[in-house]
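Numbering (full-length UniProt numbering) for the sequence shown: 1 to 362.
Read through the structure below, which is laid out as structure tokens, and then see the notes.
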Amino acid sequence: MRVKTFRGSSTAAVFAEIKAEFGDNAVILSNKTTEELGRKIHEIMVGVDNQKETASIPETREDVIGDAMNSIPDWNQEWNQIKGHMMALLKPQMNMNLLAPRQRLALEYLEREGVESNVILDLFQQLRGDKSKAILPELEKIAPVRPFEKDIWKEKFHAMSGPHGAGKTSTIIRLALKEKKENPTTRICLVSADQGQGKGRLVLRHYADLSGIEFKEIASREDFARLIGECHNFDRIFLDLPGMSANAELEGWMAACGMHGPCDIAVHLVLNPYYAPAQYNAFLKKYKSPKLKSLIWTKLDESCNYGALVNTAYESGLPVSLLSYGSGLRNTMKPATERDFWRLIFKHQLPAKDKVEFAKAI
Ligand SMILES: Nc1nc2c(ncn2[C@@H]2O[C@H](COP(=O)(O)OP(=O)(O)OP(=O)(O)O)[C@@H](O)[C@H]2O)c(=O)[nH]1
Ligand SMILES: [Mg+2]
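Structure follows, in structure tokens:
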């Protein structure tokens with residue numbers, strides 16, 4: 001086994017470097033944080049089986065072709081291609097006359113809305129032959145909601161993960177303000193694990209200071225262990241995780257920070273509704289983790305359709321917990337309900353547009 005030590009200013013950056021050099025073959029041997037000239041340095045030591053090391057730079061034409069053949073397509077891509085071909089073959093077999101006009105209209109609408117063919121086909125199979133069957137119960141099985149309310153989400157730790165700029169920090173601030181408003185005595189702690197993103201960290205600290213909420217930063221396994229040791233002082237702990245760049249993945253990042261083990265944590269994936277379809281599959285792969293428990297959709301106000309919400313629920317099997325629809329921090333987010341979710345899909349109606357509900361909004 002070859003051993004190599006990587007150093008950098010954040011765990012995420014060091015992890016990205018390890019991933020770029022050794023892919024998934026590296027085994028983490030140690031992870032520590034030291035201080036040098038007043039700056040935190042993260043040091044991760046990894047071991048790599050010699051046989052599994054990434055091949056050296058290909059030199060001959062055969063090497064280049066061989067290399068290309070080995071690296072594409074991975075099974076996931078291949079499966080997506082096969083699925084695409086199967087859908088193209090199956091779609092003409094989808095005899096819409098087997099459906100009631102209302103059912104047909106609903107499926108046609110969802111298709112225009114960007115819902116993928118495999119989801120439509122699944123719905124068609126559930127509805128065919130029973131013209132009295134309502135579509136909504138079938139849709140609710142595909143895209144369940146689990147509103148972010150404290151008696152439903154009982155975990156003490158809630159971590160927001162997701163791509164850069166998706167709305168992770170804003171979501172945490174909104175949740176903290178909501179909890180504080182509903183119950184001023186709740187002991188909340190806001191934690192920034194986003195060492196690379198100075199701005200997000202400062203914004204979080206700013207709102208924590210303004211609202212009299214405890215604020216902490218974690219940058220290493222030791223910091224997280226300390227936080228677990230102190231967690232009895234808090235009722236709710238919200239963690240702001242960094243966006244995973246390049247080859248970094250949530251599971252590897254959490255393992256490096258010691259968040260892997262048995263800890264009362266729910267991770268939520270914050271997404272926007274207007275990425276390209278392939279991008280969602282890439283995100284679901286990148287952020288895959290047994291600790292990942294829900295999807296949070298932000299920037300709903302900036303999208304012109306919402307098929308992605310249904311597709312991502314279908315692919316991930318995760319419930320939707322929160323909906324956010326404005327750049328401000330107040331009156332811009334609601335715990336997801338089935339009513340709001342399907343109104344958004346079928347009527348393009350943002351949750352806040354509902355006047356009665358608006359008063360109850362955050
Ligand atoms: N229009 C709109 N803007 C939003 C919404 N939620 C967040 N934003 C804006 O999106 C931008 C990015 O939000 P952040 O909360 O900083 O996102 P982040 O995921 O923490 O970003 P990084 O830490 O840089 O990865 C900010 O300008 C927010 O005001 C939303 O629901 N609608
Ligand atoms: Mg942020």
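In this text, a Cβ means the ideal position worked out from N, Cα and C, and glycines have one as well.
On a predicted model such as this, the values are computed, not experimentally measured, just so you know.
Own chain partners of asparagine 183 with C-beta closer than 6 Å, once the 5 adjacent residues on each side are dropped
None.
Measuring only the C-alpha atoms, how far is isoleucine 218 from glutamine 195?
Taking the straight line from one Cα to the other gives about 8 Å.
Distance between beta carbons of proline 273 and lysine 299, contact taken as under 8 Å:
With 8 Å as the limit, lysine 299 and proline 273 qualify as a contact, their Cβ atoms being about 7 Å apart.
Buried/exposed call for methionine 86, threshold 16 Cβ in 10 Å
When all chains shown are included, methionine 86 counts as exposed.
Using only CA atoms, which one of Pro144, Gly229, Asp301, Thr34 lies nearest to glutamine 349?
Comparing Cα-Cα distances from glutamine 349 to each of Pro144, Gly229, Asp301, Thr34, the minimum goes to Asp301.
Which residues in the same chain as alanine 116 place their Cβ atom closer than 6 Å to its Cβ, once the five residues preceding and following it in sequence are excluded?
For the sequence presented, residue 116 should be read as glutamate rather than alanine. Within the same chain, glutamate 116 has close Cβ partners Asn311.
Using a Cβ-based criterion (distance less than 7 Å to any ligand heavy atom), does lysine 299 qualify as near ligand 2?
Incorrect: lysine 299 has no Cβ contact closer than 7 Å to ligand 2.
Where phenylalanine 6 falls: helix, strand or coil (DSSP)
Three-state result, phenylalanine 6: strand.
Quick check: what's the CA-CA separation for arginine 112 versus serine 303?
Approximately 14 Å between the Cα atoms of the pair.
What first and last residue would you give for the beta strand (DSSP E) that runs through serine 30?
It spans 26-36 - the beta strand (DSSP E) in which serine 30 sits, taken as one unbroken run.
Between the Cα of tyrosine 287 and those of Glu149, Arg201, Gly252, Cys257, spot the shortest distance and give me the residue it belongs to.
If you compare the alpha carbons of Glu149, Arg201, Gly252, Cys257 with that of tyrosine 287, the shortest gap goes to Gly252.
Less than 8 Å between the CB atoms is what I'm expecting for alanine 26 and valine 46, so what's the real figure, rounded?
Contact flag correct, Cβ pair sits at about 4 Å.
Quick check: the Cα distance between arginine 226 and serine 220, rounded to an integer number of angstroms?
The alpha-carbon atoms of arginine 226 and serine 220 are separated by roughly 10 Å.
Closest to histidine 308 by C-alpha separation, out of Ala143, His158, Ser327, would be which residue?
The sequence given here has alanine at residue 308, not histidine. The residue from Ala143, His158, Ser327 with its alpha-carbon nearest to that of alanine 308 is Ala143.
Contact belief for alanine 352 with tyrosine 325 at Cβ below 8 Å, rounded distance in angstroms
Going by Cβ atoms, the distance from alanine 352 to tyrosine 325 rounds to 6 Å, so yes, they are a contact pair.
Proximity winner among Arg7, Ala134, Gly129, Ala12, relative to isoleucine 41 (alpha-carbon distances):
Closest option to isoleucine 41, Cα to Cα, is Arg7.
What span of residues does the alpha helix (DSSP H) with alanine 176 cover, start to end?
Note, alanine 176: alpha helix (DSSP H), 168-182.
Beta carbon of serine 324: closer than 7 Å to some heavy atom of ligand 1?
Yes - ligand 1 has a heavy atom lying nearer than 7 Å to the Cβ of serine 324.
Less than 8 Å between the beta carbons of leucine 269 and isoleucine 296, yes or no?
Yes, these two residues count as a Cβ contact at 8 Å.
I'd like the list of long-range same chain contacts for alanine 166, defined as Cβ closer than 7 Å, with 5 residues on each side in sequence excluded.
Excluding positions up to five away in sequence, the list reads Val270, Leu271, Asn272, Thr298.
Where in the segment 252-303 do unbroken runs of the alpha helix (DSSP H), each at least 4 residues long, occur, reported from the N-terminal end onward?
Unbroken alpha helix (DSSP H) stretches of 4 residues or longer found wholly inside the segment 252-303: 277-286, given in chain order.
Name the residue from Thr34, Lys32, Ala13, Val48 whose alpha carbon lies nearest to the alpha carbon of aspartate 24.
Of the residues Thr34, Lys32, Ala13, Val48, the one whose Cα lies closest to the Cα of aspartate 24 is Val48.
Can you check DSSP and say which residues form a bridge with arginine 236?
According to DSSP, arginine 236 bridges with Ile188.
Go ahead and pull the three-state DSSP assignment for proline 163.
Coil at proline 163, not helix or strand.
Would cysteine 231 and lysine 154 be called neighbours here (beta carbons separated by less than 8 Å)?
For cysteine 231 and lysine 154, no; Cβs fall outside 8 Å.
Pick from Ala193, Tyr109, His158: whose alpha carbon is nearest that of leucine 322?
The residue with the shortest Cα to Cα distance from leucine 322 is His158.
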